[in-house]
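Working notes, beginning with the structure itself.
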Amino acid sequence: MRRFAHSTVAKSIRLARLSSTMTADTQSGRVVVVTSGKGGVGKTTVTASIGYGLAERGYRTCLIDFDIGLRNLDLHLGCERRVIFDFIHVIEKNCRLNQALIKDKRLENLSLLAASQTRDKEALTEAGVEKVLDDLKQQFDYIICDSPAGIESGARHAMYFADEAIIVTNPEISSCRDSDKMVGYISSSSLRAIENRQPVHQTLLINRYDANRVKSDECLSVHDIEEMLGLSVLGVIPESAHVLTSSNMGQPVITATGEPAAIAFDDAVARFLGDTREMKFLEPKQNFGFLKRLFG
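Residue numbers (the numbering used here): 1 to 296.
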């Protein structure tokens, strides 16, 4: 496991540095889609924490919720009561873009464009999405798109215009199999692929990882997942009860100082920006419960 961890980090760093270089050479902001083939793997949690981490480092960051009809990203950021205008309002020109953007009260560099709860997904149009993204690129360094699972309308539009993609998966065969389909879809059906430009830079984020279950052969190891999907690993987020607590409080998990999941998210943001961070939380925890009961 230790040998693998170092090799994975090395590959992650090389690709992340390439991404950082491409960003530096681009005057406008970059569109990053957070996606998966299967629902419930933690995409919105990832979007909120990666976006928060980028803004915390000084990057102008906008988060967009593409899950039309099932808005959730505002809850993870604790701004659900402040949503007046949404993504569809902007596309249909019922308001100006800046009227719909919600600025985070904790970080001045972080904004949210919420999804509509009342409109159908078909309200998204290619021309409308492209116009909104082009306008956002002039204001922000990163536009992070929280995509629905699979390849429905919201997901297709989010992936189509992506410059980079973070594929979120859980350490389960079904989740990885569905993620593999998304890797192939982005490689063949994104605007970059259609125009024969530099491919979308794809990395993998493994969420809800439990090294003890891996040791017991109850779920896939990081090595198994990397071999199955053929992507560099951006981060490994350990299973944590604090994730649900943070979400219920409207706080991105990355803000939970000292918690393993928060540390892992902070490391993932650093790797995304090209920094060197060793993978943590890959080894099983020692169980001292019996000894504590015996001698405590």
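All C-beta atoms, glycine included, are put in the ideal place defined by N, C-alpha and C.
According to DSSP, residue pairing for Ala-165 in a beta bridge involves Val-33 and Gln-202. Beta-bridge analysis with DSSP links Asp-65 to Asp-146. A contact is defined here as three or more CB-CB pairs under 8 Å, and the stretch 62-72 meets this definition with respect to the stretch 113-130.
If you compare the alpha carbons of Leu-204, Glu-239 and Pro-171 with that of Ala-268, the shortest gap goes to Leu-204. Here Asn-207 is buried, its C-beta having at least 16 other C-beta atoms within 10 Å. Each of Asp-178, Ser-216 and Ile-91 was checked against the Cα of Val-41, and the nearest Cα belongs to Asp-178. The shortest CA-to-CA distance from Lys-137 to any of Met-249, Ala-264 and Ala-162 is the one to Ala-162. The residue among Pro-284, Val-129 and Ala-48 with its C-alpha nearest the C-alpha of Asn-212 is Pro-284. For the pair Thr-169 and Ile-91, the CB atoms are not nearer than the 8 Å cut-off. Cβ neighbours of Asp-135 within its own chain (closer than 6 Å, five residues either side excluded): Leu-97.
In this structure, DSSP gives Ser-49 a helical state, which the three-state scheme calls helix.
The beta carbon of Ile-144 lies closer than 6 Å to those of Val-32, Thr-47, Gly-51 and Leu-63 in the same chain, with the five residues before and after it left out.
DSSP places Ile-84 in the coil class of the three-state scheme, outside both helix and strand.
The continuous alpha helix (DSSP H) containing Ser-174 extends over residues 173-189. Partner residues in the beta bridge of Tyr-209, as assigned by DSSP, are Pro-238. Comparing alpha-carbon positions, the option among Thr-35, Ser-28, Pro-252 and Ser-111 lying closest to Cys-176 turns out to be Thr-35. For Ser-190, same chain residues with a beta-carbon under 7 Å away, outside a window of 5 residues either side, are Met-159, Tyr-160, Ala-162 and Val-200 in chain order.
DSSP places Ser-111 within a strand segment (E or B) once states are collapsed to three.
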